[in-house]
Amino acid sequence: RNSKQLGTICEDKKYDFRLQEIQDMKEILIIKPRDKILVECKLQALDQSGITFVILFFYL
Numbered sequence: 002r003n004s005k006q007l008g009t010i011c012e013d014k015k016y017d018f019r020l021q022e023i024q025d026m027k028e029i030l031i032i033k034p035r036d037k038i039l040v041e042c043k044l045q046a047l048d049q050s051g052i053t054f055v056i057l058f059f060y061l
């Protein structure tokens, strides 16, 4: 917000795609119009040479 990062919302260093679960946030975060949300995913796939695109939907 105003070119300033507000902090990390959620982080899962032991993510398992076979166990997709909801994570509680440590505190309530207010997302305002024109705020930007950056999602970073690290993927290791030996048989993939291209980029994986993901679409996220947020219901406010």
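Terminal number for the sequence shown in the working numbering: 61, no gaps in between. For every residue, glycine included, the Cβ atom is placed at its ideal position computed from N, Cα and C. Nothing here was measured: the structure is a model prediction, and the numbers come from that model.
Could you round the C-beta distance between residue i and residue j to whole angstroms and report it? I think they count as a contact, below 8 Å.
i, j, result
"D13", "Q24", "7 Å"
Less than 7 Å between the beta carbons of residue i and residue j, yes or no?
i, j, result
"D36", "R2", "yes"
"I10", "L30", "yes"
Does DSSP classify residue i as helix, strand or coil?
i, result
"D17", "strand"
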